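Heads up, the sequence shown is in full-length UniProt numbering, so the first residue is 1 and it goes up one at a time. A virtual CB, placed ideally from N, CA and C, is assigned to each residue, including glycine. Values in this document were obtained by computation on a predicted structure and should not be read as measured data. Worksheet: the structure to be examined is printed underneath.
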Amino acid sequence: MSLLKKGTSEQTELDSTKLTKCTTTSPNYSDKVNIEIPTDATVTNTENIDRQLKREHKRLLQIEEIEKKKQAGENLNKDQLIKLGHKQAVEQLIEQLTLLKTN
C-alpha cells in the first residue's frame with residue numbers, strides 16, 4: 001500500500017502486514033468504515049507523526065462538536081452522522097500514533 005502525501009507527488013510505502021484494520025459501523029447507517037492504522041514505525045519521522053496527531057485531534061474535536069449539536073436536539077445531516085460513527089476509529093488512531101511517538 002502506498003500513501004500519497006497531500007500537496008506532493010512523494011509516496012510513502014507501507015507494508016500491509018504492519019497495519020491494523022479497524023472496522024466501525026456508523027450508528028445510524030449500515031455503512032462500515034475501514035481505517036488502517038500503522039502498527040510499526042514505518043513512518044518514524046516524528047514530524048509526520050506530530051502532523052498526523054494534530055489532524056486526528058482536530059477531527060476528534062469536530063466529532064465532539066457534532067455530538068454537542070446532537071445532544072442539543074439539532075438535526076444532523078448524513079455527513080455529520082457518518083463522522084459521528086468514526087469517533088472510535090479516530091480515538092484508536094490517536095492512541096496508536098501516540099504509542100509510535102513515545103517509542
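Could you pull out every residue in the same chain whose Cβ sits closer than 8 Å to the Cβ of residue i, ignoring the five residues on either side in sequence?
i	result
S30	Annotation note: pLDDT 48 at S30 (below 50); position unreliable, no value reported.
I94	L53, E56, H57 and L60
T8	Low per-residue confidence applies at T8: pLDDT is 48, beneath 50, and the placement is therefore not dependable, though the value from the model is reported in the following sentence. Closer than 8 Å at Cβ, skipping near neighbours: no residue.
T46	K101
Measure the C-alpha to C-alpha separation of residue i and residue j and round it to an integer number of angstroms.
i	j	result
Q71	E65	10 Å
K101	R51	11 Å
V43	G73	Because V43 carries a pLDDT of 47, less than 50, the predicted location of this residue cannot be relied on, and the following value inherits that uncertainty. Taking the straight line from one Cα to the other gives about 41 Å.
Measure how close the beta-carbons of residue i and residue j come, nearest whole angstrom, since I'm counting them as under 8 Å.
i	j	result
I63	L84	6 Å
K68	L76	With a Cβ gap of about 11 Å, K68 and L76 do not count as contacting.
Within a Cβ cutoff of 7 Å, which residues of the same chain sit near residue i, ignoring the five residues on either side of it in sequence?
i	result
D79	none
Just to confirm my understanding: we take residue i, look at its own chain, exclude 5 residues before and 5 after, and list those with CB closer than 6 Å. What are they?
i	result
I49	L97, L100 and K101
K87	I63
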